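Data block below; observations after.
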Amino acid sequence: MLTSLYAAPRITPRFWPVVLRNLLVWKKLAVPSVVGNIAEPLITLVAFGYGLGALIGQIGGRPYIEYLASGSVTVSAVLAATFEALYSAYSRMQVQKTWESILNAPVELDDIVFAEMLWAALKALFSVSAILVVIFLLGISRAPSMLLALPVLGLVGVTFASLALVFNALAKGYDFFTYYFTLVITPMTFLSGVYFPMEQMPGWLQTIGSVLPLKAAVDLVRPLVLGETPTDVVQPLLVLSGYAAVGYYLALVLTRRRFFR
Amino acid sequence: MTEPLLRVVQLTKAFGASKVVDALSFEIHAGECLGVIGPNGAGKTTTIRMCLGLAEPDTGRITAFGLDIPAQVRTAKERIGVVTQADSLDPDFTCAENLRVYGSYFGLPAATIEARIPKLLEFAALQAKAGVKPGELSGGMKRRLSLGRALINDPDLLVLDEPTTGLDPQARHLMWERLQNLLQQGKAILLTTHFMDEAERLCDRLIVLDHGRKIAEGKPRELIAEHLESDVVEVYGDGAAAAGTTHARLAERVEASGETVFFYVREAKPLLDALAADHSVRYLHRPANLEDLFLKLTGRQIRGDA
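As given, the protein sequences belong to chains A and B, one line each in that order. Residues in the first sequence are numbered consecutively from 713, following my numbering. Residues in the second sequence are numbered consecutively from 25, following my numbering.
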């Protein structure tokens with residue numbers, strides 16, 4: 713039935729065929745996609761890790777490439793989920809009218825939004841798995857706790873997919889997404905200790921950083937990738953889940969408004 | 025009379041101050057094709073969206089198969105097939121995959137879907153195109169694939185929003201033939217169209233919408249007989265405007281549109297004799313048709329919002 717704009721999500725098992733539909737399209741393009749997923753981080757890690765790392769030396773008592781690799785894998789989850797939930801979801805929603813055709817079957821908008829969120833998170837997992845393999849093969853880290861980073865990176869995917877779907881629901885065209893990348897995602901990577909530590913930044917910037925979901929993600933993922941114990945587990949998980957919950961609900965309300973207004 | 029497949033009662037929907045659908049009621053029974061015609065902006069697509077639970081009526085009641093829309097639309101949609109105005113085929117999938125994936129949204133067992141795919145491809149005259157993506161299909165093929173896709177759940181009611189817009193005559197005729205075939209199988213069709221020949225050919229009954237209101241309803245031939253004189257004489261040429269005045273008394277009604285004058289007559293002979301003597305005009309005598317009715321009821325002027 714038509715739910716009110718602000719109703720709680722009504723998700724039924726029919727969301728699953730929508731996830732499978734996206735998976736089926738991805739499988740057709742999987743080879744170039746996987747090659748890109750491995751080649752891109754491989755090149756970045758080698759170039760910056762060894763090139764820049766030789767100048768920087770150590771950060772926090774560890775080689776720069778370890779610092780960079782563990783930050784990059786987190787950003788990769790963010791970018792993969794964000795791209796999928798912005799550009800790809802928008803193509804399906806607006807350009808190809810895929811959502812419209814699905815809505816004419818017994819599948820509801822709540823199912824579709826949930827499926828898109830979950831699918832974008834899955835894409836993030838595919839992407840980070842490839843990078844973790846690269847990190848393992850290059851010997852940057854061989855810590856078994858890398859496997860524990862995977863579920864955390866899945867949550868990072870959920871969080872950033874949800875946030876991106878908010879902007880997807882508001883978009884009037886692809887151009888709109890440039891703002892999101894330039895004004896939200898890019899500054900966030902510089903305030904979250906991805907490529908360099910936050911300690912030398914002014915205090916107020918550190919304060920902003922401390923409430924960002926990417927900072928919470930890095931705080932969890934970096935130690936797990938490098939075989940250390942995170943200093944705090946509960947707070948970063950709460951931050952990520954909080955952004956995910958608020959983002960997902962907001963995305964749902966705005967998407968309902970877009971379709972049923 | 026049996027319970028209708030779709031019943032719409034006193035449906036009203038406003039966007040802001042303008043009523044898009046205004047106190048609209050109609051029914052569709054099994055095996056029947058109901059045509060909805062009206063100028064752009066008359067409320068056709070909004071009505072369809074409400075029947076599919078995609079927009080909420082302000083007031084009024086919709087039931088499909090006895091189920092309340094939108095409350096039970098999910099169950100109702102198991103028995104409805106939809107072809108939308110714009111193509112929404114999946115460009116990344118082949119024809120067969122389009123059907124297979126769409127079937128999955130209905131929760132149909134894989135074996136059922138696989139059994140239906142070759143039949144639907146044959147129905148859409150696309151057997152040879154099973155492995156081809158929609159980007160390589162002609163407009164007519166795409167529309168037929170869309171129709172095939174709408175049949176994947178073997179629906180009892182088909183909702184077709186301008187299914188032949190943009191098709192060439194061959195493709196339209198093939199589409200009509202397929203739709204007639206479906207009606208013979210006992211399926212009901214709700215059809216919107218701008219083609220009056222299509223409406224006349226396919227529809228058992230028509231409703232004419234204008235500004236969201238139903239301004240006429242009935243069988244195509246009966247509507248024409250009820251609202252129009254039996255014959256129309258179209259007059260063109262330099263003397264057309266003058267002829268419109270001189271011969272006005274020989275017709276029940278005279279209308280001018282651009283360079284053409286339309287005489288609506290019950291008995292054409294006296295007018296035709298008079299025109300035959302007038303060498304400044306050319307003329308065409310024909311029976312009144314649905315297009316004449318449409319123009320009489322909704323006017324000849326182009327709409328500002330169209």
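Just so it is clear, CB atoms sit at the ideal spot from N, CA and C, and this is done for glycine as well. This one's a predicted model, so the numbers in the text were calculated from it and none came from an experiment.
Contacts of residue 130 of chain B in chain A (Cβ-Cβ under 8 Å): In chain order: 817 and 818.
Is the distance from the Cβ of residue 60 of chain B to the Cβ of residue 49 of chain B below 7 Å? The Cβ atoms of residue 60 of chain B and residue 49 of chain B do not sit closer than 7 Å to each other.
Beta-carbon spacing of residue 288 of chain B, residue 253 of chain B below 7 Å: At the C-beta level, residue 288 of chain B and residue 253 of chain B come within 7 Å of one another.
Please identify the residue among A/845, A/964 and A/721 whose C-alpha is closest to the C-alpha of residue 861 of chain A. The shortest C-alpha separation from residue 861 of chain A is found at A/845.
Please go through the same chain and pick out, in chain order, the residues whose beta-carbon is closer than 7 Å to the beta-carbon of residue 399 of chain B, but skip the five residues on each side of it. As displayed, chain B neither begins before 25 nor continues past 330, which places residue 399 of chain B out of reach and without an answer.
Is there a Cβ of chain B sitting closer than 7 Å to that of residue 922 of chain A, yes or no? Look at residue 922 of chain A: its C-beta is not under 7 Å from any C-beta on chain B.
Roughly how many whole angstroms lie between the Cα atoms of residue 286 of chain B and residue 67 of chain B? Cα-Cα distance, rounded: 29 Å.
Going by other Cβ atoms of all chains shown within 10 Å of its Cβ, with 16 needed for buried, is residue 158 of chain B buried or exposed? In this structure residue 158 of chain B is buried. Its beta-carbon is surrounded by 16 or more other beta-carbon atoms within 10 angstroms.
What's the C-alpha gap between residue 713 of chain A and residue 98 of chain B? With a pLDDT of only 44 at residue 713 of chain A, under the threshold of 50, the placement of this residue in the model should not be trusted, and no figure is reported.
Using the beta-carbon count (16 or more within 10 Å), is residue 168 of chain B buried or exposed? With 16 or more Cβ atoms within 10 Å of its Cβ, residue 168 of chain B is classed as buried.
Helix, strand or coil at residue 771 of chain A [DSSP, three-state]: In the structure shown, residue 771 of chain A sits in a strand (DSSP, three-state: E or B).
Are the C-beta atoms of residue 812 of chain A and some chain B residue less than 7 Å apart? For residue 812 of chain A, at least one C-beta of chain B is nearer than 7 Å to its own C-beta.
Just to confirm, is the Cβ distance from residue 195 of chain B to residue 172 of chain B under 7 Å? Cβ atoms of residue 195 of chain B and residue 172 of chain B: not closer than 7 Å.
Count the other C-beta atoms from every protein chain shown that fall within 10 angstroms of the C-beta of residue 751 of chain A, then say buried if there are 16 or more, exposed otherwise. Per the 10 Å Cβ criterion, exposed.
Given this structure, state the Cα-to-Cα distance separating residue 272 of chain B from residue 290 of chain B, to the nearest angstrom. Here the alpha carbons of residue 290 of chain B and residue 272 of chain B stand approximately 13 Å from one another.
Answer yes or no: do residue 815 of chain A and residue 731 of chain A have a C-beta to C-beta separation smaller than 7 Å? The Cβ atoms of residue 815 of chain A and residue 731 of chain A do not sit closer than 7 Å to each other.
Could you pull out every residue in the same chain whose Cβ sits closer than 8 Å to the Cβ of residue 26 of chain B, ignoring the five residues on either side in sequence? The residues are 53 and 54.
Under a CB-based cut-off of 7 Å, is residue 835 of chain A close to chain B? Taking Cβ atoms only, chain B never reaches closer than 7 Å to residue 835 of chain A, which makes this a no.
For the alpha helix (DSSP H) containing residue 221 of chain B, list its first residue and its last residue. For residue 221 of chain B, the enclosing alpha helix (DSSP H) has its first and last residue at 220-226.
Taking all protein chains shown into account, do 16 or more other C-beta atoms lie within 10 angstroms of the C-beta of residue 166 of chain B, making it buried, or fewer, making it exposed? Classification for residue 166 of chain B: buried.
Taking Cβ-Cβ distances shorter than 7 Å, what residues in chain A pair up with residue 87 of chain B? Correct list: empty, because the minimum Cβ distance to chain A is about 14 Å.
Could you list which residues in chain A have their beta carbon closer than 9 Å to that of residue 108 of chain B, in chain order? Listed along chain A are 809, 812, 813 and 816, each with a C-beta nearer than 9 Å to that of residue 108 of chain B.
Does residue 763 of chain A pass the burial test, meaning 16 or more other C-beta atoms within 10 Å, or should it be called exposed? With fewer than 16 neighbouring CB atoms inside 10 Å of its own CB, residue 763 of chain A falls in the exposed class.
Could you check which residue in B/120, B/234 and B/139 has the C-alpha nearest to that of residue 151 of chain B? Nearest of B/120, B/234 and B/139 to residue 151 of chain B, Cα basis: B/120.
Straight-line Cα distance separating residue 903 of chain A from residue 778 of chain A: Residue 778 of chain A and residue 903 of chain A: Cα-Cα distance of roughly 19 Å.
Counting only beta-carbon separations shorter than 7 Å, does residue 101 of chain B have a partner in chain A? Yes, contact with chain A.
Can you list, in chain order, the residues of its chain whose CB lies under 7 Å from that of residue 761 of chain A, leaving out five sequence neighbours each side? Result list for residue 761 of chain A: 776, 777, 780 and 781, in chain order.
Just the chain A side, please: which residues come within less than 8 Å of residue 115 of chain B by C-beta, in chain order? Around residue 115 of chain B, the beta-carbon contacts reaching into chain A at under 8 Å are 808.
Excluding five sequence neighbours on each side, which residues of the same chain lie with their C-beta closer than 7 Å to the C-beta of residue 768 of chain A? Here the set comprises 776.
Boundaries (first-last residue) of the beta strand (DSSP E) holding residue 137 of chain B: Here residue 137 of chain B belongs to no beta strand (DSSP E); instead the alpha helix (DSSP H) covers 134-147.
Going by beta carbon distance, what residues of the same chain come within less than 8 Å of residue 887 of chain A, once the five residues before and after it are set aside? Non-local C-beta neighbours of residue 887 of chain A in its own chain, meaning closer than 8 Å and more than five positions away in sequence, are absent.
How would you list, in chain order, the residues of chain B whose beta-carbon sits under 7 Å from the beta-carbon of residue 737 of chain A? Those are 116, listed as they occur along chain B.
6 Å Cβ shell around residue 114 of chain B - same chain, five flanking residues per side excluded: Cβ neighbours of residue 114 of chain B beyond the five flanking positions: 122.
Would you identify the three-state DSSP class for residue 713 of chain A, choosing helix, strand or coil? No answer about residue 713 of chain A holds up, because its pLDDT of 44 lies below 50 and its placement is not dependable.
Is there a C-beta anywhere in chain D that falls below 7 Å from the one on residue 733 of chain A? Note that chain D does not occur in the displayed structure, where the protein chains are A and B.
If you check the beta carbons only, do residue 215 of chain B and residue 175 of chain B fall under 7 Å apart? Not in contact: residue 215 of chain B and residue 175 of chain B (Cβ atoms no closer than 7 Å).
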